[in-house]
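Each residue of the sequence shown is one higher than the one before, counting from 35 in the working numbering.
C-beta: ideal position from N, C-alpha, C; glycine also.
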Amino acid sequence: MSRPWQRVLAALRPTPDDDPLVAAARSLTIADVVRRFWPRLRPLRGWLLLGLVLLAAAPAIEVVEVMLFQRLVDDVLVPADFSPLVLLALLYLALNLASGVVSAADDYLSTWISQRFLVSLRRDLFAQVLSQPAAVQDRRRLGDVLARLTSDVSAVESFMVGQLATGLGAIVRLVLFLGALFWLQWQLTLASLLVIPAFWWVSTRFAAFTRDVSRERRRRGGSLTSITEESLGNASMVQAFGREDEAVAAYHRQNLAIADAELAGSRVRGLFLPLVDLAELLGMLLVITLGVWALSTDRLTLGGLLAFLTLLMQCYRPVRELSDLLPSLFSATAGVERVVELLDEPGHRDRPGAIALPGGAGSVVLDAVSFTYPGASGPALTEFDLHVAAGERVALVGPSGVGKSTVARLLARQLEPDAGVVRLDGHDVAEHTTASVRAAVTVLSQEQLLLDASIHDTIAFARPGATREEVEQASRAADAHEFVSRLPDGYDARVGQRGRWLSGGQRQRLALARALLHGGRVLVLDEPTTGLDRASADRLMSAVVASGRTVVVLTHDPQVLEHVDRVVELAPVPAGAR
Numbered sequence: 035m036s037r038p039w040q041r042v043l044a045a046l047r048p049t050p051d052d053d054p055l056v057a058a059a060r061s062l063t064i065a066d067v068v069r070r071f072w073p074r075l076r077p078l079r080g081w082l083l084l085g086l087v088l089l090a091a092a093p094a095i096e097v098v099e100v101m102l103f104q105r106l107v108d109d110v111l112v113p114a115d116f117s118p119l120v121l122l123a124l125l126y127l128a129l130n131l132a133s134g135v136v137s138a139a140d141d142y143l144s145t146w147i148s149q150r151f152l153v154s155l156r157r158d159l160f161a162q163v164l165s166q167p168a169a170v171q172d173r174r175r176l177g178d179v180l181a182r183l184t185s186d187v188s189a190v191e192s193f194m195v196g197q198l199a200t201g202l203g204a205i206v207r208l209v210l211f212l213g214a215l216f217w218l219q220w221q222l223t224l225a226s227l228l229v230i231p232a233f234w235w236v237s238t239r240f241a242a243f244t245r246d247v248s249r250e251r252r253r254r255g256g257s258l259t260s261i262t263e264e265s266l267g268n269a270s271m272v273q274a275f276g277r278e279d280e281a282v283a284a285y286h287r288q289n290l291a292i293a294d295a296e297l298a299g300s301r302v303r304g305l306f307l308p309l310v311d312l313a314e315l316l317g318m319l320l321v322i323t324l325g326v327w328a329l330s331t332d333r334l335t336l337g338g339l340l341a342f343l344t345l346l347m348q349c350y351r352p353v354r355e356l357s358d359l360l361p362s363l364f365s366a367t368a369g370v371e372r373v374v375e376l377l378d379e380p381g382h383r384d385r386p387g388a389i390a391l392p393g394g395a396g397s398v399v400l401d402a403v404s405f406t407y408p409g410a411s412g413p414a415l416t417e418f419d420l421h422v423a424a425g426e427r428v429a430l431v432g433p434s435g436v437g438k439s440t441v442a443r444l445l446a447r448q449l450e451p452d453a454g455v456v457r458l459d460g461h462d463v464a465e466h467t468t469a470s471v472r473a474a475v476t477v478l479s480q481e482q483l484l485l486d487a488s489i490h491d492t493i494a495f496a497r498p499g500a501t502r503e504e505v506e507q508a509s510r511a512a513d514a515h516e517f518v519s520r521l522p523d524g525y526d527a528r529v530g531q532r533g534r535w536l537s538g539g540q541r542q543r544l545a546l547a548r549a550l551l552h553g554g555r556v557l558v559l560d561e562p563t564t565g566l567d568r569a570s571a572d573r574l575m576s577a578v579v580a581s582g583r584t585v586v587v588l589t590h591d592p593q594v595l596e597h598v599d600r601v602v603e604l605a606p607v608p609a610g611a612r
């Protein structure tokens, strides 16, 4: 590529992002995308074939209408003869009605296919994100994931259904229109084809560049969503530390970055579209010049020339669509790449032949378990052993970072050990289904994760079929019934987003009630007394003891140790093991 042309393209590019919040996804070719997502369209191939028939029917009707226009000019207008007009008018009406039916059917069918494809893809992508291990989820910004689940997933539909359908439709129309043009006057048709290489040259020059600009625009969109989600999700913290101005400034910077990427796209279109228009105009002027010659030498009638020019204008439309198709496909690919990256993240999958975990009393064993978080400088656990008898209450203590929370995640199969075995009632949990293991192990995390729902639904989230009496029983056991009863709406009162309408202690007791209702034979508590006064902490731990379950509690609180049978101290992993 010449240096002047390189300088033009360089001036069109967005300003580089020196400190990206979200990394760019791995580049994919168009063939890669088709191979990846065609299996999702294969069950719809019969409907796709019907859509192709409808795509062919519409331009076929247009060709017939143009041919009737030739007859209208040559048989009615030129000789000023009204006798053929009635028949031609009736034919026009019939064709118009047929065109309306075909257009409506094509629009409905294409929308139906698109939505079937999108609904399935969104469901699978959402399920894939939920199935990912905690270590994988922790590496991604939630706002970026939301952007991929919403706007980027539509790019896959645009690529696999919208753009490819546009391309097939353009090819069908082009073949029909060219056939009619050759039938009318083959010399003029050959002359009109001279413009096609110009269309192709322009589109190929800008296709890859359009992909780069689109990829940057979508990546920056993910960064903006991340900034928005983090700032609004932690609005109280931002306000408490007086960081509103910094949050607004960060949001504004991402907005400016998106605006820069959008302007880069506008600059591309501003240079690309006039070149396409120029190529089309030159082709039309050439054909008009040759058409006058054909008319003067009786190679075409006036009606034939007008029909030819009409068909030619119709023919340039699919040519333009095909020249736009490559840049459009590359633009859609930028979003597809981000969706594929999310789909390719390792999700949790049960081993082949995994069976449900049998019932038991709740004994727990971690045998020489080691685990290292991806990207971490050293292991979180190294050959760690833990034996908890059924019904025993054990506290895991130690400084922050020694792996207490990692133990909780391993028990709930949110993580899989790199080495060693986790057993529940003597059974290796890796050989059993994740759902059955999580039904047996209930985890009460340090962060009280509550949905914006009623108190009843918040507790019943652990067991959707629970009755009102069972919910209240769990609430009483968690020492929550008294404060719930004092609320104006009782168990119908809403807790607010993330439970913010309640105090920290109230949220903790509701979370415990939910855990008790879950019914797992092993109860894992991560810092359960955080934010509670001594009396509340004693009541909460008494409720845990009264449950009669096997309890593993991770804590720094000496008060909790009064309610357990045994204390296991975790030590930092030795430097030599790192």
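How would you write the range of the beta strand (DSSP E) that residue i sits in, first residue to last?
{"i": "A123", "result": "It is not in any beta strand (DSSP E) - A123 instead sits in the alpha helix (DSSP H) that spans L119 to S165."}
{"i": "T416", "result": "L415 to V422"}
{"i": "R427", "result": "R427 to V431"}
Which term fits residue i, buried or exposed, when burial requires 16 or more other beta carbons within 10 angstroms of its beta carbon?
{"i": "M35", "result": "Unreliable placement is indicated for M35, whose pLDDT of 45 sits below 50; the coordinate value is still reported in the next sentence. The residue is exposed, with fewer than 16 neighbouring Cβ atoms inside 10 Å."}
{"i": "I389", "result": "exposed"}
{"i": "T440", "result": "buried"}
{"i": "Q219", "result": "buried"}
{"i": "T259", "result": "buried"}
{"i": "E596", "result": "exposed"}
{"i": "V179", "result": "buried"}
{"i": "V42", "result": "Confidence is the limiting factor: at V42 the pLDDT is only 48, short of 50, which leaves the residue's position unreliable, though a coordinate-based value still follows. Exposed: under 16 other Cβ atoms inside 10 Å."}
{"i": "Y142", "result": "exposed"}
{"i": "G437", "result": "buried"}
{"i": "L222", "result": "buried"}
{"i": "G255", "result": "buried"}
{"i": "Q348", "result": "buried"}
{"i": "T501", "result": "exposed"}
{"i": "E603", "result": "exposed"}
{"i": "R253", "result": "buried"}
{"i": "E280", "result": "exposed"}
{"i": "P113", "result": "exposed"}
Cα-Cα, which of the options is closest to residue i?
{"i": "A469", "options": "R447, A494, Q197 and D572", "result": "R447"}
{"i": "D591", "options": "S434, A514 and E426", "result": "S434"}
{"i": "D401", "options": "T367, Q149, G454 and L210", "result": "G454"}
{"i": "T406", "options": "G255, L444, R385 and Q149", "result": "L444"}
{"i": "E191", "options": "I205, L215 and S154", "result": "S154"}
{"i": "R182", "options": "S411, R156, R287 and V195", "result": "R156"}
{"i": "F151", "options": "L224, P93 and P77", "result": "P77"}
{"i": "L521", "options": "P308, Q149, S537 and A132", "result": "S537"}
{"i": "T184", "options": "A410, V163 and G80", "result": "V163"}
{"i": "E99", "options": "L324, D419, F342 and L566", "result": "F342"}
Flag this pair as yes or no: are the beta carbons of residue i and residue j separated by less than 8 Å?
{"i": "Q542", "j": "F517", "result": "no"}
{"i": "L551", "j": "A474", "result": "no"}
{"i": "D108", "j": "L336", "result": "yes"}
{"i": "L546", "j": "A580", "result": "no"}
{"i": "D599", "j": "E417", "result": "no"}
{"i": "L202", "j": "V373", "result": "no"}
{"i": "Q166", "j": "E379", "result": "yes"}
{"i": "L228", "j": "L320", "result": "yes"}
{"i": "L391", "j": "H466", "result": "yes"}
{"i": "Y285", "j": "S257", "result": "no"}
{"i": "L458", "j": "G394", "result": "yes"}
{"i": "T584", "j": "V556", "result": "yes"}
{"i": "V136", "j": "A214", "result": "no"}
{"i": "A204", "j": "L356", "result": "yes"}
{"i": "V558", "j": "V586", "result": "yes"}
Tell me which residue opens and which closes the alpha helix (DSSP H) that residue i is part of.
{"i": "F116", "result": "Note, F116: premise wrong, no alpha helix (DSSP H); not H, not E."}
{"i": "R457", "result": "First-last for R457: A453 to L458, but that is the beta strand (DSSP E), not the alpha helix (DSSP H)."}
{"i": "D401", "result": "From DSSP, D401 is part of no alpha helix (DSSP H) but of the beta strand (DSSP E) over V398 to F405."}
{"i": "A199", "result": "L198 to L218"}
{"i": "S188", "result": "V187 to E191"}
{"i": "P392", "result": "Neither: P392 is in no alpha helix (DSSP H) and is coded neither H nor E."}
{"i": "L228", "result": "No alpha helix (DSSP H) contains L228, which DSSP labels as neither H nor E."}
{"i": "S439", "result": "K438 to L445"}
For this session: Could I get the ranges of all uninterrupted alpha helix (DSSP H) runs contained in the region 464–535, with 4 residues as the minimum, in chain order?
Result: 468–474, 489–494, 502–511 and 515–520
Problem set entry | In chain order, each beta strand (DSSP E) run of at least 3 residues that lies wholly inside the region 540–604 | 556–560, 584–588 and 600–603
Problem set entry | Contained beta strand (DSSP E) runs [length at least 3] in the region 64–119, N- to C-terminal order | none
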